[in-house]
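The next block holds one structure in the form of structure tokens; read it before the comments.
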Amino acid sequence: MYKYIIAAMLTLVPLSAQEVKEDMQVPYIPYEIKMGEHFDVIQAQCLICHSFGYIINQGPQSKGFWAGKVKKMKNAFGMDISDADAVMVTDYLFKHYGNGKLK
Amino acid sequence: MQRRDFFKKSLVVAGAAAVGSSLEAASQPIQGQKISEVAFPQKRPMITYSDRPPLLESPRNVFAQAITPNDQFFVRWHMPEIPTHVDLKEYRLKVNGEVKNELSLTLDQLKNEFAPIEVTAVLQCGGNGRSAFSPIAGGIQWGNGAVGNAKWKGARLRDILDRAGIKKGAHWIGFNGLDKAAYYKTPNFVREMHMEELDENVIVAYEMNGEELPYLNGYPVRLIIPGYYSDSWVKMLSNLTLTTDYQKLFFMDVAYRIPDNETESEEPGSHKKVKTKPITTMNVKSMIGYPTNDTKVYFNSHTTVRGVAFDQGKGIKEVLVSIDNGKTWEASILDDGKNGLYSFREFRYTFNPSTYGKLTIMSKAINLAGEEQPLAQDIGWNHGGYKYNGVDSVTIEVV
Chain A
1390 MYKYIIAAML TLVPLSAQEV KEDMQVPYIP YEIKMGEHFD VIQAQCLICH SFGYIINQGP
1450 QSKGFWAGKV KKMKNAFGMD ISDADAVMVT DYLFKHYGNG KLK
Chain B
6 MQRRDFFKKS LVVAGAAAVG SSLEAASQPI QGQKISEVAF PQKRPMITYS DRPPLLESPR
66 NVFAQAITPN DQFFVRWHMP EIPTHVDLKE YRLKVNGEVK NELSLTLDQL KNEFAPIEVT
126 AVLQCGGNGR SAFSPIAGGI QWGNGAVGNA KWKGARLRDI LDRAGIKKGA HWIGFNGLDK
186 AAYYKTPNFV REMHMEELDE NVIVAYEMNG EELPYLNGYP VRLIIPGYYS DSWVKMLSNL
246 TLTTDYQKLF FMDVAYRIPD NETESEEPGS HKKVKTKPIT TMNVKSMIGY PTNDTKVYFN
306 SHTTVRGVAF DQGKGIKEVL VSIDNGKTWE ASILDDGKNG LYSFREFRYT FNPSTYGKLT
366 IMSKAINLAG EEQPLAQDIG WNHGGYKYNG VDSVTIEVV
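Protein chains in written order, with our numbering: chain A, 1390 to 1492; chain B, 6 to 404.
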């Protein structure tokens, strides 16, 4: 009942998002990510499940860390990626968000 | 230096000025991160690490008060697909598995057919403060604000299970919510607990601080497990499944685990060899909400430090404050504790700054079991960066 009243009111007065339970939209935030070789693979694969924010806010990490993340995305979360593309993703992440260490 | 460079260059929305040395296992978590210009539904602008899934952190000044406002309460989801709305005509909380009668409850039934229980309890991400660890631990580099305290109201989980009738031998309960993965193959964010871990304080909450739960905090209902880290406080709770045996689940067996030793720590790089355990209950902690790092106060002015302290429900005994870099500590004044053992306790400490320039204020909580908040540098490293609870510290300027 409450919902119908809200719906009726919506046609008359603009309400803030506070009162509306329907169609909550989470805003899009354009996180600035570094451009470089294999970025196209990053864009195609990583964005399926998460924002670039999820990548850049991990902090700079080792090559082993990033390889492990890619492996986790593939084996535990089901990312559909070829072995060759997985290597490209790892290389990109380590080059731009690496700490210079292999392990 | 690398760490400092990283935060300067990379944190675009949650831009931050990192502090601390990379020599210790832990230092202070990052502070002063930028508040996003973009607000999420039912939220004020917050520190925003990701929009999909939403990861929102509360700014430090929120912790000057015992109750965290709903519109500044932190947000952490795991799966990218969160329903854009929940139709209460369709919504059901299902109870199945090893029960005598399967249940399918509407929100109205939860509100009207079970005694309403209120509990004030702290909700804290296991990774809160992760940015304190060095080398940088895996995961989102949260500052201090992946934590909040609210008055929750809901139906007691035990009452719901009693209505379903627990079959003999049902030892485990799995919790699932309405959020979904992008891939069919991705495991659901199902959490599992042993029945013995669930006491009378565990509720299925439909109210948060007297209002419906915000959408991003789990509308219409979420599980409340006072004293435990938030990884098992499943949001948009839709299913309770009882089983006789532990189910092997990714989010139980791999995520949210710490070394199973006395110090809950390990050498960096060794974690595949170390036996682990779930993070479960929270350790003793205090946080300063006022002043913050950017505060200026006048020389000899009446300055009141305010903050909150909590633990897993053993109870806070005292919060000590130091204004001389930890050389001497004085007791602060605690609130009356009327919100119960699982709530934030407010503390305040008043002094008149007697030196000019930078001044560091530290807070340290001690609970009734004698457990004391350690100094950051005394906290051992763990690969997930979980359970950080270092003595809190802010540096202000006396002018």
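Glycine residues also receive a C-beta, built at the ideal position from the N, C-alpha and C atoms. All values reported here derive from a predicted model rather than from experimental measurement.
Beta-carbon neighbours of residue i, restricted to chain A and to distances below 7 Å
| i | result |
| --- | --- |
| F255(B) | A1465 |
| D56(B) | V1415, P1416, Y1417, I1418, S1440 and G1442 |
| P59(B) | V1415 |
| P85(B) | C1438 and H1439 |
Partner residues on chain B for residue i, Cβ-Cβ distance less than 8 Å
| i | result |
| --- | --- |
| M1424(A) | Simply none; closest approach about 14 Å. |
| K1484(A) | Residues of chain B passing the Cβ test: none, with the nearest at roughly 14 Å. |
Chain-ordered chain B contacts of residue i [CB-CB under 9 Å]
| i | result |
| --- | --- |
| M1468(A) | Y188, K190 and T191 |
Neighbouring residues, chain B, relative to residue i (Cβ below 7 Å)
| i | result |
| --- | --- |
| M1413(A) | P46, T89, H90 and Y220 |
| K1492(A) | G274 |
Listed by chain order, chain A residues near residue i by CB distance under 8 Å
| i | result |
| --- | --- |
| T53(B) | I1418 and G1442 |
| Q146(B) | N1446, Q1447 and G1448 |
Whether residue i touches residue j by CB criterion (8 Å)
| i | j | result |
| --- | --- | --- |
| L127(B) | F315(B) | According to the sequence as given, residue 127(B) is Val; it is not Leu. Cβ distance < 8 Å, so V127(B) and F315(B) count as in contact. |
| I384(B) | A31(B) | yes |
| P121(B) | K156(B) | no |
| A69(B) | G390(B) | no |
| S243(B) | M198(B) | no |
| G1(B) | E62(B) | Because residue 1(B) is not part of the residues shown, which for chain B are 6 to 404, the question remains open. |
| A187(B) | I1437(A) | yes |
| E216(B) | N344(B) | no |
| L1491(A) | K1460(A) | no |
| Y295(B) | N66(B) | yes |
| G1425(A) | S55(B) | no |
| K392(B) | G150(B) | no |
| V403(B) | L364(B) | yes |
| A175(B) | F349(B) | no |
| P46(B) | L221(B) | yes |
| L93(B) | Y211(B) | no |
| N1488(A) | Q1447(A) | no |
| L289(B) | E376(B) | Checking the sequence, you will find Val at residue 289(B) rather than Leu. Against a cut-off of 8 Å, the Cβ pair of E376(B) and V289(B) comes out as a contact. |
| I1444(A) | I1470(A) | no |
| Q129(B) | M287(B) | yes |
| F194(B) | G179(B) | no |
| P140(B) | P273(B) | yes |
Cβ-Cβ separation, residue j to residue i (assumed contact under 8 Å), whole Å
| i | j | result |
| --- | --- | --- |
| I145(B) | L254(B) | I145(B) to L254(B), Cβ: 21 Å. No contact. |
| L245(B) | V399(B) | L245(B) to V399(B), Cβ: 42 Å. No contact. |
| T308(B) | P358(B) | 6 Å |
| M367(B) | D340(B) | Their Cβ separation, rounded to whole angstroms, is 20 Å, which puts M367(B) and D340(B) out of contact at 8 Å. |
| Q382(B) | N394(B) | Contact flag wrong, Cβ pair sits at about 13 Å. |
| I171(B) | L247(B) | 6 Å |
| Y234(B) | I284(B) | 5 Å |
| Q1432(A) | V1478(A) | Going by Cβ atoms, the distance from Q1432(A) to V1478(A) rounds to 11 Å, so no, they are not a contact pair. |
| D1480(A) | H1427(A) | 6 Å |
| G43(B) | Y224(B) | For clarity, residue 43(B) is Val in the given sequence; the question names Gly instead. About 20 Å separates the two Cβ atoms, so there is no contact after all. |
| A160(B) | L108(B) | Incorrect: roughly 11 Å between the Cβ atoms, too far for contact. |
| R196(B) | M257(B) | 7 Å |
| N387(B) | S270(B) | 5 Å |
| T2(B) | Y347(B) | Limits of chain B in this structure are 6 at one end and 404 at the other, which puts residue 2(B) out of reach. |
CB contact below 8 Å: residue i versus chain E
| i | result |
| --- | --- |
| I230(B) | Included in the structure are the protein chains A and B, with no chain E among them. |
Within chain A, the residues that residue i reaches when beta carbons sit closer than 9 Å
| i | result |
| --- | --- |
| G215(B) | What G215(B) touches in chain A: nothing, since even the nearest Cβ is about 14 Å away. |
| G143(B) | Q1447, G1448, Q1450, F1454, G1457 and K1458 |
| V259(B) | K1461 and A1465 |
Taking a Cβ distance cut-off of 8 Å, strictly less, list which residues of the region 1422-1454 of chain A are near chain B, in chain order.
Within the region 1422-1454 of chain A, the qualifying residues are I1437, C1438, H1439, S1440, G1442, Y1443, I1445, N1446, Q1447, G1448, P1449, Q1450 and F1454.
If we count Cβ pairs, one from each stretch, closer than 8 Å, do we get three or more for the region 133-150 of chain B versus the region 85-105 of chain B?
Taking a contact to require three or more Cβ pairs closer than 8 Å, the region 133-150 of chain B and the region 85-105 of chain B do not qualify as touching.
How do the region 254-269 of chain B and the region 205-216 of chain B stand: do at least 3 beta-carbon pairs fall below 8 Å, yes or no?
Counting Cβ pairs under 8 Å, fewer than three are found: no touch.
Of all the residues that make up the region 29-44 of chain B, which are near chain A by a beta-carbon distance shorter than 8 Å?
Residues S41, V43 and A44.
Is there contact between the region 314-334 of chain B and the region 366-382 of chain B, where contact requires at least three CB pairs shorter than 8 Å?
Below 8 Å, enough C-beta pairs join the region 314-334 of chain B and the region 366-382 of chain B to call them touching: three or more.
Contact between the region 1462-1472 of chain A and the region 1412-1419 of chain A (3+ Cβ pairs under 8 Å):
Judged by Cβ distances under 8 Å, the region 1462-1472 of chain A makes no contact with the region 1412-1419 of chain A, as fewer than three pairs qualify.
Given 8 Å, three or more beta-carbon pairs between the region 101-111 of chain B and the region 226-233 of chain B:
Verdict: no, contact absent.
I'd like to know if the region 111-121 of chain B and the region 31-50 of chain B are in contact, where contact means that at least 3 CB-CB pairs between them fall below 8 Å.
The answer is no - the region 31-50 of chain B does not touch the region 111-121 of chain B, with fewer than three Cβ pairs under 8 Å.
Near-chain A residues of the region 277-298 of chain B (beta-carbon distance less than 7 Å), N- to C-terminal order:
Going along the region 277-298 of chain B in chain order, one finds no residue with a Cβ nearer than 7 Å to chain A.
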